[in-house]
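Novice:
Set out below in structure tokens:
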């Protein structure tokens, strides 16, 4: 049995990611990101990406993994619309050393 929720989810799944964001999130907003990557140079690569995108001195909450091979970085950014959020996710997904993006 297909529910209204299932139908809505199927409709949203067909949309480009930026449009899905527009339908699901009220913009402008502050969006929290969490990325996990290899420890060596990952924080610097993230800082460089954010600076290139026009975000100055973003507070990064860092947490190393138990073995020290990985680092988790959590941060919040002001986002104006779905297109900007989509571009941020694309940039983060292509960071050197990235392991996970939430």
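In my numbering, the protein residues as written are 42 to 143. We treat Cβ as the ideally placed atom computed from N, Cα and C, and that holds for glycine.
Less than 6 Å between C-beta atoms, sequence neighbours within five positions excluded: which residues of the same chain meet that for residue 101?
Specialist: Hits under 6 Å: 114, 116.
Novice: Using the beta-carbon count (16 or more within 10 Å), is residue 78 buried or exposed?
Specialist: Per the 10 Å Cβ criterion, buried.
Novice: DSSP has residue 113 in a bridge; who is on the other side?
Specialist: Note: residue 113 sits in a beta bridge opposite 77, 104.
Novice: Evaluate the contact criterion for the stretch 58-65 versus the stretch 119-130: three or more CB pairs, one atom per stretch, below 8 Å.
Specialist: Yes: the two stretches touch, three or more of their Cβ pairs being nearer than 8 Å.
Novice: Does DSSP put residue 71 in a helix, a strand or coil?
Specialist: Correct three-state label for residue 71: strand.
Novice: Could you please give me the residues that DSSP links to residue 119 through a beta bridge?
Specialist: Answer is 71, bridged to residue 119.
Novice: Which term fits residue 143, buried or exposed, when burial requires 16 or more other beta carbons within 10 angstroms of its beta carbon?
Specialist: Flag for residue 143 reads exposed.
Novice: Would DSSP call residue 142 helix, strand or coil?
Specialist: Strand.
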